[in-house]
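Residue numbers (this note's numbering): -19 to 202. Every residue, glycine too, gets a C-beta built ideally from N, C-alpha and C. Below is one structure, written out as structure tokens; comments come after it.
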Ligand code: DX5
Ligand code: ZN
């Protein structure tokens, strides 16, 4: 399966959101990555339900919604109504994670679980069959444009092995600090979905940058 690229709307120009959504529509990107922050789970506040509904009106690709909020189980149906296709909650914010991921699936969305950089991947061992995606945070969540944490590679490799052992169809997503210099090594380690905010939206040619991120034949030596 060819890997997916999900540009992060967090780095878009919010005053020109329709323009940026249309740029992603015409690019080779696979999903829209949408970061929701509550100012409690993470030290930043980003966007919420009305903005997701507005994006949905123009988006021609699935919305991959990443909840960085406490008690995410309270809002599952609201995010479904707003247009989320994949809904990811943080393990660290979910006391009854098993119940929450099943509620996400029952609402008709793919269920994802995100792990902060300090959270070991083996915390997911009892729940791997119940989820569709693991979002491995490669920065501390809260802001775009941060530096990639190198320990991520070994987490991805371990997760790939764990997923192989239970023969589950699991997508491994990398979120934070993905660049044209590290994406190929992440794919080598076993990543399926690359989230990229800063790398795409600060580029002179975002469409061409997305195309480069889609090109897995890029050598890790170049
Ligand atoms: C960080 C967010 C990321 C962020 C990534 O908390 O979850 O999705 O937008 O941005 P870059 O690619 O700029 O690190
Ligand atoms: Zn994110």
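Run of the beta strand (DSSP E) containing residue 205, from where it starts to where it stops: Here the chain comprises residues numbered -19 to 202, so residue 205 is not present and cannot be evaluated.
Is it the case that the CB of residue 18 approaches a heavy atom of ligand 2 more closely than 7 Å? In this structure, residue 18 has its CB at a distance of at least 7 Å from all heavy atoms of ligand 2.
Tell me where the beta strand (DSSP E) around residue 44 begins and ends. Counted as a single uninterrupted DSSP element, the beta strand (DSSP E) harbouring residue 44 occupies residues 43 to 48.
Just verifying my parser: in three-state terms, what is the DSSP assignment at residue 123? Residue 123: coil per DSSP, three-state reduction.
What are the residues that DSSP puts in a beta bridge with residue 92? Residue pairing for residue 92: DSSP places it in a beta bridge opposite 68 and 113.
Contact defined as beta carbons within less than 8 Å: I believe residue 13 pairs with residue -14. What is the distance between those atoms, to the nearest angstrom? Indeed they touch by this definition, with Cβ atoms about 4 Å apart.
Could you compute how far the alpha carbon of residue 173 sits from the alpha carbon of residue 154? When rounded, the distance between both Cα atoms is 6 Å.
How would you call residue 5, buried or exposed, if buried means at least 16 neighbouring beta carbons within 10 angstroms? The residue is exposed, with fewer than 16 neighbouring Cβ atoms inside 10 Å.
Close Cβ partners of residue 201 (< 7 Å) along its chain, the five nearest in sequence each way excluded: Since pLDDT at residue 201 reaches only 46, below the 50 mark, its modelled position is unreliable, and no value is offered.
How big is the Cα-Cα spacing for residue 68 and residue 161? Approximately 26 Å, taken between the alpha carbons.
Less than 7 Å separating the Cβ of residue 110 from some heavy atom of ligand 2? Not under cutoff, so the answer is no.
With burial defined as no fewer than 16 other Cβ atoms inside 10 Å of the residue's Cβ, what is the status of residue 152: buried or exposed? Residue 152 counts as buried, since at least 16 other C-beta atoms from the protein chains shown sit within 10 angstroms of its C-beta.
Go ahead and pull the three-state DSSP assignment for residue 29. Reduced to three states, the DSSP call for residue 29 is helix.
Status (buried if at least 16 other CB within 10 Å, exposed otherwise) for residue 17: Buried is the call here.
Residues near residue -9 in its chain [Cβ-Cβ closer than 8 Å; skip 5 each side]: So the qualifying residues of the chain are 124, 125, 177, 178, 180, 181 and 182.
Round the Cβ separation of residue 119 and residue 156 to the nearest angstrom and send it over; I've been treating them as touching at under 8 Å. Yes, residue 119 and residue 156 are in contact; Cβ-Cβ is about 3 Å, under 8 Å.
Can you check which of these residues, -12, 44, 74 and 19, is closest to residue 113 by C-alpha distance? In this structure, 44 is the residue among -12, 44, 74 and 19 with its C-alpha nearest to the C-alpha of residue 113.
Report yes if the C-beta of residue 13 is less than 7 Å from at least one heavy atom of ligand 2; otherwise report no. Answer for residue 13: yes, Cβ within range of ligand 2.
Whole angstroms is fine: what's the gap from residue 74's alpha carbon to residue 143's? For the pair residue 74 and residue 143, the Cα-to-Cα distance works out to about 21 Å.
Give the straight-line distance between the Cα atoms of residue 1 and residue 103, rounded to the nearest whole angstrom. If I take the Cα positions, the gap works out to 35 Å.
My assumption, with CB atoms under 8 Å, is that residue 70 sits in contact with residue 21. Please give the rounded CB distance. Rounded, the Cβ-Cβ distance is 7 Å, consistent with contact.
Look up residue 12 in the DSSP assignment and give the residues it is bridged to. Answer is 43.
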